[in-house]
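Working notes for the structure below.
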């Protein structure tokens with residue numbers, strides 16, 4: 119028997135869902151109703167949608183990790199948001215293009231991820247310092 123208690127989730131886990139503003143509004147309203155602040159990954163997605171990117175979300179089955187894929191129609195960039203360190207082998211083998219949170223090589227923020235997106239796509243995102 120598992121020692122971890124199961125928590126009911128108001129939303130089914132996203133599996134490569136195209137992220138829209140209404141999707142993010144639903145997630146934010148759910149968090150607000152429970153006294154939580156807006157999640158960093160939500161703000162990240164909003165910034166990129168407003169900059170004209172296509173954003174998709176995959177939520178890990180057994181953890182709170184979120185995998186956000188950003189695309190300009192020609193290429194894509196995958197960012198992992200998590201509250202725990204990734205599997206070291208996956209991190210070193212570049213399972214994702216960028217990790218937000220604690221990693222085996224340091225700590226990275228949402229702003230760091232936005233700067234990496236700018237560098238990768240060679241664009242400026244409003245409100246982000248180059």
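Residue numbers (this note's numbering): 119 to 248. The beta carbon of each residue, even a glycine, is placed where N, CA and C say it ideally should be.
Straight-line gap, residue i to residue j (C-alpha atoms, nearest Å)
i	j	result
residue 186	residue 226	15 Å
residue 167	residue 173	7 Å
residue 120	residue 181	A caution first: residue 120 carries a pLDDT of 47, below 50, which makes its placement in the model too unreliable to give a value.
residue 189	residue 171	6 Å
residue 219	residue 156	16 Å
residue 199	residue 183	6 Å
residue 134	residue 243	24 Å
residue 145	residue 217	22 Å
residue 136	residue 129	15 Å
residue 215	residue 150	30 Å
residue 236	residue 230	10 Å
residue 139	residue 213	27 Å
residue 132	residue 176	5 Å
residue 124	residue 201	With a pLDDT of 47 at residue 124, under the threshold of 50, the modelled position of this residue cannot be trusted, and the question is left open.
Where the alpha helix (DSSP H) through residue i begins and ends
i	result
residue 233	228–239
residue 149	139–151
residue 165	158–168
Residue range of the beta strand (DSSP E) that includes residue i
i	result
residue 198	194–199
residue 177	172–177
Neighbour-count burial assignment, residue i, 16 or more Cβ in a 10 Å radius
i	result
residue 178	exposed
residue 165	buried
residue 159	buried
residue 152	exposed
residue 147	exposed
residue 193	exposed
residue 241	exposed
residue 162	buried
residue 195	buried
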